[in-house]
Structures are given as C-alpha cells and as structure tokens.
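Going by our numbering, the sequence shown opens with residue 128, and the numbers climb by one from there. In this text, a Cβ means the ideal position worked out from N, Cα and C, and glycines have one as well. Small disclaimer: the values here were computed from a predicted structure and weren't measured. Structure first, commentary second.
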Amino acid sequence: MRVAILSQNSKLYSTARLVEALEIRKHKARVINPLRCYMDVTSTKPEIHYRGEEVLRNFDAVIPRIGASITFYGLAVLRQLELMGLHSLNSSDGFARARDKLHSLQLLSKSNIGLPTTAFARAADDIDDIIKIVGGPPLIVKLIEGTQGKGVVLAETTKAAASVIQAFQELDANILVQEFIKEAAGADLRCFVVGNQVVAAMQRKAREGEFRANLHRGATASIAELTEEEQNTAVQAAKIMGLGVAGVDILRSSRGPLVLEINASPGLEGIEKTTGVDVAGKIVEYLEKKVIRREHKGQKNQKASA
C-alpha cells in the first residue's frame, strides 16, 4: 500500500509510530502536512497540490491525524482525498461527527448509550434550569471545542456554576454542562477501538487535587481490565460515530459505563507505553484488510459491468 498520513509534524510519537508500522509491513508511507495542501475542486478531475506545484497522486489510503485547531481545513483536505478515490482509515464524515462533541452526544443518546446527564443552552436566563437538569452542583462545564482537558471547569456550588456558565456565555463560547460522576473518583478509561474490538485499554487517574484524568495534566495511567459491558459500549460508540479506529473515554458509574468522549484521532504514546500493545501495528493490519476488501469489491463490480 501507498499511504498518506495527514499530520503537521512527522516527529510526533503517533505519526512516527504509524510510519514505522507501515514500513515494517513493507508499505510506503508519506507524511503530508494538510496546511501545505491546496485543492483544485474540479468536477472531472479533483486534485490536491502540495507545497507548490506537486500534485499528490498514486496513494491507496490515507490516515488522518488532524489536530483540533485545524479541523475545518484538515477535513476539507481529507474529503478531497476521498473524492480522488483514497480509502480513509476514518472517513471525513465520521471524523467530523466525533469532533463535534454535542452532535456526538446526541447520536449516542439516540442509540441508548450510557452518558453523563448533559445540558446545552445559549441564553443567560436558562442558567438556573440547566443546573437543575444535571442534578445541581458539583457539575462540569466544558468548552465544546476544548481538547486535552482544556476549557473544562469543575463548579462545586450553584453560585460558582452560574458564574462560570455566564462568563463563558459572555465570551460567546459554546459550552456543555454535565453532571459530576463522583464515584468515578477522578479516573476514566481510555478504550482503544480498532474495527470491532477494543485492542488496548488503560485507566487514567487524575493527580491529587485535580479532577481531569488527562495525561497531559499529570494523570497516571495503568492497564485496565474491562468488563464485557464496557467493551461493548466502547465498540458500539465508535460504530455509531462511523469510526473504524477510535479512542473512547468511559467513566465507571453506579449505573454502568458512561461515554465521556470519542476521539477520532487518538494518541498512541500513552496507550502503547502503558499497555505494551503494538496499537500502531493493529491499526495498519486493520487498514490492510479494508483496502484489500475495497479492491476486491471494485474488481467484482468491474466484472459485473463487463
């Protein structure tokens, strides 16, 4: 296979590991910075130009590693590559759904996946009611566009919650208000889904005095043993998003597993170093099967139309 990896930095752990895993399996990998791409949107011959006059050609598949800050442009590049016939590890539609935290929660709730009680509003006079909807304080206020624990606030009183929500609204920021799951005790599960199974899982525990279980914020990680219900929840959540590869974050609660977030471009460093699982290799194996299946389907269609 000839695989394009959409990433702004070839030296990032996840990008470098995917290149390594592809090359070990005798595939050709090339890292493409999506911000250096520009598109010829033509009805008969869609193209992508890269770093000047080079036209990107002859790839079989693409692995999107699109940073949150460039989601809009990165997805435009990914869609163009799909139009050019490349198979994407995660489709542009699935990627877009997962990046929209509110939309992803709406889709999961429709399918009866366990979720923390969540409220969303824009008007200041709705504050008191949305605090009641999530069961009152303590509660979580989070920016819809936030990543790695940024823009996430724990409000421990009604007054503090109202002040935080109002402050975000005055900044014209889109926020979610969620119930605080006390029994999770500052820990969550990162379940790495590839295809129809969880290939690796770790528990992340927030450091003392912190409620966010993000490794970037000093959380510690350990191998997690998942229940069958937790595994099924993670796989179903990824499937609902339309993702073949996903990092599904789950909270353990008194009413069962609750999906906190789904990442369409999950980092590999924490999960590989914690579990010892060759996650990059499993991703490449999954991509191989998808591309081969697609090629066989194309051959059958050609024979049928001949």
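Asked, Found
"Find the nearest neighbour of residue 350 within the set 264, 401, 129 and 252, judged by alpha-carbon distance.", "401"
"Spatial neighbours of residue 255 within its chain, please: C-beta separation below 8 Å, excluding the five flanking residues on both sides.", "289"
"Output the boundary residues of the alpha helix (DSSP H) element that contains residue 201.", "198–210"
"Can you tell me whether DSSP reads residue 187 as helix, strand or coil?", "coil"
"Could you check whether the segment 363–373 touches the segment 218–237, counting it as contact only if at least three pairs of C-beta atoms, one from each stretch, sit closer than 8 Å?", "yes"
"Return the residue from the list 252, 283 and 217 that minimises the CA-CA distance to residue 263.", "283"
"Have a look at 279, 200, 304 and 211 and flag the residue whose alpha-carbon is nearest the alpha-carbon of residue 248.", "304"
"Bridge partners for residue 113 per DSSP, in chain order?", "The shown model of the chain, from 128 to 433, leaves out residue 113, and the question about it has no answer."
"At which residues does the beta strand (DSSP E) containing residue 144 begin and terminate?", "Per DSSP, residue 144 belongs to no beta strand (DSSP E); it is in the alpha helix (DSSP H), 140–151."
"Can the beta-carbon of residue 219 be found less than 8 Å from the beta-carbon of residue 310?", "no"
"Among 198, 379 and 141, which one has its Cα closest to the Cα of residue 272?", "198"
"What number of angstroms, rounded off, separates the C-alpha of residue 228 from the C-alpha of residue 200?", "18 Å"
"Assuming residue 373 is part of the beta strand (DSSP E), what are its boundary residues?", "372–380"
"Drop a sphere of 10 angstroms on the beta-carbon of residue 403, count the other beta-carbons inside from all chains shown, and report buried for 16 or more, exposed for fewer.", "exposed"
"In chain order, which continuous runs of the alpha helix (DSSP H) of length 4 or greater are located wholly inside the segment 276–325?", "285–297"
"Run through the segment 225–261 for me and flag every whole alpha helix (DSSP H) of 4 or more residues, listed as ranges in chain order.", "228–237 and 254–260"
"By Cβ distance, which residues of its chain are closer than 6 Å to residue 160, with the 5 residues on each side in sequence left out?", "135"
"With residue 174 as the anchor, note down where its beta strand (DSSP E) starts and where it stops.", "174–177"
"Going along the chain, which residues of its own chain have a beta-carbon closer than 6 Å to the beta-carbon of residue 330, five neighbours each way excluded?", "314, 316, 349 and 351"
"With H, G and I counted as helix, E and B as strand and the rest as coil, what does DSSP make of residue 220?", "helix"
"Are the CB atoms of residue 243 and residue 387 within a distance shorter than 8 Å?", "yes"
"Assuming the contact rule is C-beta atoms closer than 8 Å, residue 261 and residue 295 should be a hit. Round their C-beta distance to whole Å, please.", "15 Å between Cβ atoms; not a contact."
"Using DSSP's beta-bridge definition, name the partner residues of residue 214.", "188"
"Secondary structure at residue 414, three-state DSSP: helix, strand or coil?", "helix"
"Could you check if residue 145 is buried or exposed, using at least 16 other CB atoms within 10 Å of its CB as the buried criterion?", "buried"
"Which residues does DSSP pair with residue 166 in a beta bridge?", "175"
"Leaving out the 5 sequence neighbours to the left and right, which residues in its chain are closer than 7 Å to residue 162 when beta-carbon positions are compared?", "135, 197 and 200"
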